[in-house]
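Residue numbers (our numbering), protein chains in the order written: chain W, 2 to 273; chain V, 2 to 273; chain S, 2 to 273.
We put the CB at the ideal spot given by N, CA and C, even for glycine.
Just so we're clear, the structure is a prediction, and the values are computed from it rather than from any experiment.
Reviewing the structure listed below.
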Amino acid sequence: MNNITNKVADLLIEVRNKAPLIHNITNYVTVNDCANAIMAIGASPIMADDIRETEEITSMSSALVINIGTLNKRTIISMIASGKRANQLGIPVIFDPVGAGASKLRNDTTESILEQVKIAILRGNLSEVSFAAGLEVSTRGVDSSEADANNDGVAIAQAVAKKYGCVAAITGAVDIIADGERVVTIKNGHKMLSEVTGTGCMATSLVGSYAGVSSDYFTAAVGGVASMGIAGEIACEEVGSMGTGSFRMALIDVLSRFNSELMEKRLKLNEA
Amino acid sequence: MNNITNKVADLLIEVRNKAPLIHNITNYVTVNDCANAIMAIGASPIMADDIRETEEITSMSSALVINIGTLNKRTIISMIASGKRANQLGIPVIFDPVGAGASKLRNDTTESILEQVKIAILRGNLSEVSFAAGLEVSTRGVDSSEADANNDGVAIAQAVAKKYGCVAAITGAVDIIADGERVVTIKNGHKMLSEVTGTGCMATSLVGSYAGVSSDYFTAAVGGVASMGIAGEIACEEVGSMGTGSFRMALIDVLSRFNSELMEKRLKLNEA
Amino acid sequence: MNNITNKVADLLIEVRNKAPLIHNITNYVTVNDCANAIMAIGASPIMADDIRETEEITSMSSALVINIGTLNKRTIISMIASGKRANQLGIPVIFDPVGAGASKLRNDTTESILEQVKIAILRGNLSEVSFAAGLEVSTRGVDSSEADANNDGVAIAQAVAKKYGCVAAITGAVDIIADGERVVTIKNGHKMLSEVTGTGCMATSLVGSYAGVSSDYFTAAVGGVASMGIAGEIACEEVGSMGTGSFRMALIDVLSRFNSELMEKRLKLNEA
Numbered sequence: 002m003n004n005i006t007n008k009v010a011d012l013l014i015e016v017r018n019k020a021p022l023i024h025n026i027t028n029y030v031t032v033n034d035c036a037n038a039i040m041a042i043g044a045s046p047i048m049a050d051d052i053r054e055t056e057e058i059t060s061m062s063s064a065l066v067i068n069i070g071t072l073n074k075r076t077i078i079s080m081i082a083s084g085k086r087a088n089q090l091g092i093p094v095i096f097d098p099v100g101a102g103a104s105k106l107r108n109d110t111t112e113s114i115l116e117q118v119k120i121a122i123l124r125g126n127l128s129e130v131s132f133a134a135g136l137e138v139s140t141r142g143v144d145s146s147e148a149d150a151n152n153d154g155v156a157i158a159q160a161v162a163k164k165y166g167c168v169a170a171i172t173g174a175v176d177i178i179a180d181g182e183r184v185v186t187i188k189n190g191h192k193m194l195s196e197v198t199g200t201g202c203m204a205t206s207l208v209g210s211y212a213g214v215s216s217d218y219f220t221a222a223v224g225g226v227a228s229m230g231i232a233g234e235i236a237c238e239e240v241g242s243m244g245t246g247s248f249r250m251a252l253i254d255v256l257s258r259f260n261s262e263l264m265e266k267r268l269k270l271n272e273a
Numbered sequence: 002m003n004n005i006t007n008k009v010a011d012l013l014i015e016v017r018n019k020a021p022l023i024h025n026i027t028n029y030v031t032v033n034d035c036a037n038a039i040m041a042i043g044a045s046p047i048m049a050d051d052i053r054e055t056e057e058i059t060s061m062s063s064a065l066v067i068n069i070g071t072l073n074k075r076t077i078i079s080m081i082a083s084g085k086r087a088n089q090l091g092i093p094v095i096f097d098p099v100g101a102g103a104s105k106l107r108n109d110t111t112e113s114i115l116e117q118v119k120i121a122i123l124r125g126n127l128s129e130v131s132f133a134a135g136l137e138v139s140t141r142g143v144d145s146s147e148a149d150a151n152n153d154g155v156a157i158a159q160a161v162a163k164k165y166g167c168v169a170a171i172t173g174a175v176d177i178i179a180d181g182e183r184v185v186t187i188k189n190g191h192k193m194l195s196e197v198t199g200t201g202c203m204a205t206s207l208v209g210s211y212a213g214v215s216s217d218y219f220t221a222a223v224g225g226v227a228s229m230g231i232a233g234e235i236a237c238e239e240v241g242s243m244g245t246g247s248f249r250m251a252l253i254d255v256l257s258r259f260n261s262e263l264m265e266k267r268l269k270l271n272e273a
Numbered sequence: 002m003n004n005i006t007n008k009v010a011d012l013l014i015e016v017r018n019k020a021p022l023i024h025n026i027t028n029y030v031t032v033n034d035c036a037n038a039i040m041a042i043g044a045s046p047i048m049a050d051d052i053r054e055t056e057e058i059t060s061m062s063s064a065l066v067i068n069i070g071t072l073n074k075r076t077i078i079s080m081i082a083s084g085k086r087a088n089q090l091g092i093p094v095i096f097d098p099v100g101a102g103a104s105k106l107r108n109d110t111t112e113s114i115l116e117q118v119k120i121a122i123l124r125g126n127l128s129e130v131s132f133a134a135g136l137e138v139s140t141r142g143v144d145s146s147e148a149d150a151n152n153d154g155v156a157i158a159q160a161v162a163k164k165y166g167c168v169a170a171i172t173g174a175v176d177i178i179a180d181g182e183r184v185v186t187i188k189n190g191h192k193m194l195s196e197v198t199g200t201g202c203m204a205t206s207l208v209g210s211y212a213g214v215s216s217d218y219f220t221a222a223v224g225g226v227a228s229m230g231i232a233g234e235i236a237c238e239e240v241g242s243m244g245t246g247s248f249r250m251a252l253i254d255v256l257s258r259f260n261s262e263l264m265e266k267r268l269k270l271n272e273a
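Have a look at this one:
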């Protein structure tokens, strides 16, 4: 067990003790999963996307999660305004550029958010993070995940982290977490995580939950991503043979039973 | 077994026999849970929030449920217009001021609805109902529930009921139902109900389901709140050890198997 | 086993092999169920409803599913624009007129879509499809299903199919699939499918998944509708006694385990 694993396990205890309020401006497809994942890990979710209240809600929260899974003009304005307010107050902003690369609207919104809001942690699959890095990509849908763990992943994560001064978290068959200096890979997770919708969004909201109790965003990103990966492994062991409906339910079950011992025992972390 | 318990059990039979149509203008986080809870108890849900159809949908419904969990300008207009139409037609309006006290928008909207629409039943946690009563409160998120059953609960429920001429239902560790004259407390429920999102919203939609078959709104409020509480107890007994994902699924399971015998056997009602 | 059954079973293999991208402009009540059903059957969902990206998203998809379960001005524009784009590109449009007959807005929108967009497959319950056929109907809510399989069903399905040059799929106690020439009935399914929300919407999204890999829309409609019906039967056998929460989860489980052998073994198809 290494030092980072210890820190992640400790951070989980903090999440459960402090139950930070996590403001999510997110999509209507997986919003319920995100709320339940946040509660399962011990934090407290609030969803609000109207410009007349989002800055106020952000102000009283411990982290802001921005997820562009289903965009519209009304919520884009709220995302940027809330992001700026979070920056003013030192509240970490976690950004999930869902489907970046798939449409001009998503591309423009991703660029606009990255320009106007200082991001603490960027979480996406390889093609989404590649787009954020300014690289050519072809995205096919928001749930595709093929080849997300190729050899370029580490370089792309590092490039994004340096470009935006943030932590970059690329999830896929192997997860990659990088800041300007450190890189780790996480070999938890299971293929079934790509067979239900919302596991990426939930990972981002879990990252937000960890970031809500610590300014060590690198550790927070590892914690959120690892929680989802380990939950996927255990959920598959427990009910995977039943199918993806049971698996999805079990993800929340496992997150709700998660504790620091489980994290220390299961986390497959490698420093690159 | 007292008289109210009998009435509640009878009302449940009515819900299952008449399958009233319940119009919900609600949030996008827990809307699916609300629809499934309404169907599980035997009523029929319809969700519609565009101003060009909400009054028409309300007109053919047996109850209107207004839930401000995720507000925006478009739906606030629909809530008030539908509420007024319901008032004209004698259709009960059930109001859930989710997060009242947490932002100016939620406060203003709550006040606006209470001013312009005659509410049959107000359902919320202690801080939300306290706000509606005009008291100072500090809300922290929409899923916080600490101390919701303190000694002030009965007085606050009575104050709100008298102020608005409605039934007030405060849910928490102990649930309180009051109208201008009577007060009862319900000691059903389980802590796990506060560990998944949507249980408050579902309780409100269940209250609406009962109110859709009777003008005895006091009994309807007891019925809806008690159904959720008892479902929570049984769901926890059956699958609670698995985690909050299984628990959430089991809530709907239990509601779908609910009947008058179960209500009479499990309801822990005290007249205050 | 007849020829159509063979074709349906083969089409399922195609869905799993090709994983077509299915663009859904749908309601916020059952959107998550639709996404998970699409993934469970082997296709890939994308949900996008903002006019600034819907046509682009449609362009890269293999089918477009339009569902009017929760309408608003913003999304109606997107539905029609995306439908027209799909028509230009030869991408099949699957239309679910949820609640047609229940409000002027739903009626007007249904008519507007049918006028401006060439539909490949229309999927609804009897009253919804009757409305589309220009017949008098009384819709009561979006989940009512009484008498959906009456003797008029076949005639109505044929009338709609001829009127719009599309495949018509009426689901109910008995499902009816018709194009201008052929009619088949499917006697799969279970009453519990009418006791949870979203099973109609999921059926439509499954139809879209099949239509995404074949221009034989008749077979695609049979495939999608039959998949839902058979999933309902098996889910009920496996967990029906637990209640509707477990049943709903098991629907996704069964869809995720679905294969051509199961389709051939269980499909109860009759050529009318």
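1. What did DSSP end up calling Arg-258 of chain V once you bin it into helix, strand or coil?
2. Per DSSP, which residues does Phe-96 of chain S bridge with? Please list them.
3. Would you mind reading off the limits of the alpha helix (DSSP H) that contains Met-229 of chain S?
4. Taking the beta carbon of Ala-134 of chain W as the centre, do at least 16 other beta carbons fall within 10 Å, making it buried, or is it exposed?
5. Using a Cβ-Cβ distance cut-off of 8 Å, determine whether Ser-210 of chain V contacts chain W.
6. Would Met-246 of chain S be called buried (16 or more neighbouring beta carbons within 10 Å of its own) or exposed?
7. How would you write the range of the alpha helix (DSSP H) that Met-48 of chain W sits in, first residue to last?
8. Going straight from the alpha carbon of Ala-10 of chain W to that of Val-16 of chain W, what length do you get?
9. What residues from chain S crowd round Glu-15 of chain V, counting only those whose CB sits closer than 9 Å?
10. Can you tell me where the beta strand (DSSP E) holding Val-175 of chain S begins and where it ends?
11. Helix, strand or coil, according to DSSP, for Glu-272 of chain W in the structure here?
12. At which residue ranges does the stretch 195 to 220 of chain V contain complete alpha helix (DSSP H) runs of 4 or more residues, listed in the order of the chain?
13. What does the Cβ neighbour count give for Glu-196 of chain S, buried or exposed, with the cut at 16 atoms within 10 Å?
14. Interface residues of chain V around Glu-196 of chain S at Cβ under 8 Å?
15. For Asn-3 of chain W, count neighbouring C-beta atoms within 10 Å of its own C-beta (all shown protein chains included) and say buried if the count is 16 or more, exposed if not.
16. In angstroms with no decimal places, state the Cα-to-Cα distance between Cys-167 of chain S and Ile-122 of chain S.
17. Can the beta-carbon of Ala-1 of chain S be found closer than 8 Å to that of Ala-64 of chain S?
18. Classify Val-130 of chain W as helix, strand or coil using the three-state DSSP reduction.
19. Which of the three DSSP states, helix, strand or coil, is assigned to Leu-22 of chain W?
20. Below 8 Å on C-beta distance, what does Leu-252 of chain V contact in chain S?
21. Quick one, which of V:Thr-205, V:Thr-27, V:Met-193 has its alpha-carbon nearest Ala-169 of chain V's?
22. Per the DSSP calculation, Val-184 of chain V is bridged to which residue(s)?
23. How should Asn-33 of chain V be labelled, buried or exposed, when 16 other C-beta atoms within 10 angstroms of its C-beta is the threshold for buried?
24. Classify Val-168 of chain S as helix, strand or coil using the three-state DSSP reduction.
25. Could you list which residues in chain S have their beta carbon closer than 7 Å to that of Met-48 of chain V, in chain order?
26. Are there 16 or more other CB atoms within 10 angstroms of the CB of Glu-54 of chain V, so buried, or fewer, so exposed?
27. Give me the chain W residues within the contact set of Lys-105 of chain V, using Cβ-Cβ distance strictly less than 8 Å, ordered along the chain.
28. Quick one: residues in its chain with C-beta nearer than 7 Å to the C-beta of Ile-120 of chain V, no 5 flanking neighbours on either side, listed in chain order?
29. How far does the alpha helix (DSSP H) with Ile-81 of chain V in it reach, from first residue to last?
30. Am I right that Thr-110 of chain W and Phe-132 of chain W are in contact with their C-beta atoms under 8 Å? What's the rounded C-beta distance?
31. When we look at the beta-carbon of Gln-159 of chain S and count the other beta-carbons within 10 Å, is it buried (16 or more) or exposed?
32. Within the 8 Å Cβ cut-off, does Asn-37 of chain W reach chain V?
33. Anything in the stretch 60 to 93 of chain W with a Cβ closer than 8 Å to a Cβ of chain V? List those residues in chain order, please.
34. Return no unless some Cβ of chain S is closer than 8 Å to the Cβ of Asn-18 of chain W.
35. Asn-33 of chain V touches chain S at which residues, Cβ-Cβ below 8 Å?
36. Determine contact between the stretch 232 to 239 of chain S and the stretch 73 to 82 of chain S, defined as no fewer than three beta-carbon pairs at a distance below 8 Å.
Here's the rundown:
1. As a working mapping, residue 258 of chain V is identified with position 257 in the second sequence. Arg-258 of chain V: helix per DSSP, three-state reduction.
2. Walking along the third sequence from the start, residue 96 of chain S turns up at place 95. S:Ile-67, S:Leu-123.
3. What you label residue 229 of chain S is simply residue 228 of the third sequence in a count that begins at 1. Unbroken alpha helix (DSSP H) run through Met-229 of chain S: 218 to 240.
4. For the purposes of this step, residue 134 of chain W is identified with residue 133 of the first sequence, where counting begins at 1. Ala-134 of chain W comes out buried.
5. Along the second sequence, one-based indexing puts residue 210 of chain V at 209. Not one chain W Cβ lies under 8 Å of Ser-210 of chain V.
6. For the purposes of this step, residue 246 of chain S is identified with residue 245 of the third sequence, where counting begins at 1. In the sequence under discussion, the amino acid at residue 246 of chain S is Gly, which differs from the Met named in the question. So Gly-246 of chain S counts as buried.
7. Translated into positions along the first sequence, residue 48 of chain W becomes position 47. Run containing Met-48 of chain W: none in the alpha helix (DSSP H); it sits in the beta strand (DSSP E), 45 to 48.
8. Position 9 of the first sequence holds residue 10 of chain W. Position 15 of the first sequence holds residue 16 of chain W. Looking at the two C-alpha atoms, the distance is approximately 10 Å.
9. By one-based count along the second sequence, residue 15 of chain V stands at place 14. For Glu-15 of chain V, none of the residues of chain S pass the 9 Å Cβ criterion, the least Cβ distance being about 17 Å.
10. Residue 175 of chain S sits at position 174 when you count from the first residue of the third sequence. No beta strand (DSSP E) holds Val-175 of chain S; DSSP gives it neither H nor E.
11. Position 271 of the first sequence, counting from 1, holds the residue named residue 272 of chain W. Note: Glu-272 of chain W maps to strand in three-state DSSP.
12. 200 to 212
13. Taking the first residue of the third sequence as 1, we reach residue 196 of chain S at position 195. Glu-196 of chain S counts as buried, since no fewer than 16 other beta carbons sit within 10 angstroms of its beta carbon.
14. Numbered from its first residue, the third sequence carries residue 196 of chain S at position 195. Residues of chain V passing the Cβ test: Met-40, Ala-41, Ser-257.
15. Taking the first sequence and counting its residues from 1, the one referred to as residue 3 of chain W is at position 2. For Asn-3 of chain W, the number of other beta carbons within 10 angstroms of its own is below 16, and it is reported as exposed.
16. Counting from one through the third sequence, the residue named residue 167 of chain S turns up at place 166. Counting from one through the third sequence, the residue named residue 122 of chain S turns up at place 121. C-alpha separation (whole angstroms): 6 Å.
17. Not covered by the structure: residue 1 of chain S. The range shown for chain S is 2 to 273.
18. Counted from its first residue, the first sequence places residue 130 of chain W at position 129. Residue state, collapsed to three classes: helix.
19. Residue 22 of chain W sits at position 21 when you count from the first residue of the first sequence. In the structure shown, Leu-22 of chain W sits in a strand (DSSP, three-state: E or B).
20. Locating residue 252 of chain V in the second sequence gives position 251, where the first residue counts as 1. Those are Gly-246, listed as they occur along chain S.
21. Position 168 of the second sequence holds residue 169 of chain V. The candidate whose alpha carbon is nearest that of Ala-169 of chain V is V:Thr-205.
22. Position 183 of the second sequence, counted from the start, is the residue given in the question as residue 184 of chain V. Per DSSP, V:Ala-179.
23. Taking the first residue of the second sequence as 1, we reach residue 33 of chain V at position 32. Label assigned to Asn-33 of chain V: buried.
24. The count along the third sequence starts at 1 and reaches residue 168 of chain S at position 167. Three-state result, Val-168 of chain S: strand.
25. One-based indexing of the second sequence puts residue 48 of chain V at position 47. Going along chain S in sequence order, the residues near Met-48 of chain V (Cβ under 7 Å) are Val-30, Thr-71.
26. As a position in the second sequence, residue 54 of chain V is number 53, starting the count at 1. When all chains shown are included, Glu-54 of chain V counts as buried.
27. What you label residue 105 of chain V is simply residue 104 of the second sequence in a count that begins at 1. Within chain W, the residues near Lys-105 of chain V are Arg-53, Glu-54, Glu-57.
28. As a working mapping, residue 120 of chain V is identified with position 119 in the second sequence. Once the five neighbours on either side are set aside, the close Cβ partners of Ile-120 of chain V are Val-94, Phe-96, Tyr-165, Cys-167.
29. For the purposes of this step, residue 81 of chain V is taken as residue 80 along the second sequence, with counting starting at 1. Segment 74 to 90, the alpha helix (DSSP H) holding Ile-81 of chain V.
30. Position 109 of the first sequence, counted from the first residue, corresponds to residue 110 of chain W. Position 131 of the first sequence, counted from the first residue, corresponds to residue 132 of chain W. Contact flag wrong, Cβ pair sits at about 11 Å.
31. Along the third sequence, read from residue 1 onward, the residue named residue 159 of chain S stands at position 158. By the neighbour-count rule (16 or more Cβ atoms within 10 Å), Gln-159 of chain S is buried.
32. Along the first sequence, read from residue 1 onward, the residue named residue 37 of chain W stands at position 36. True, the Cβ-Cβ gap to chain V drops below 8 Å.
33. Met-61, Arg-75
34. Stepping through the first sequence from its first residue, residue 18 of chain W is reached at position 17. Output row for Asn-18 of chain W: interface = no.
35. Working through the second sequence from its first residue, we reach residue 33 of chain V at position 32. Those within 8 Å of Asn-33 of chain V in chain S are Val-30, Thr-31, Asn-33, Asp-34, Thr-198, Gly-199.
36. no
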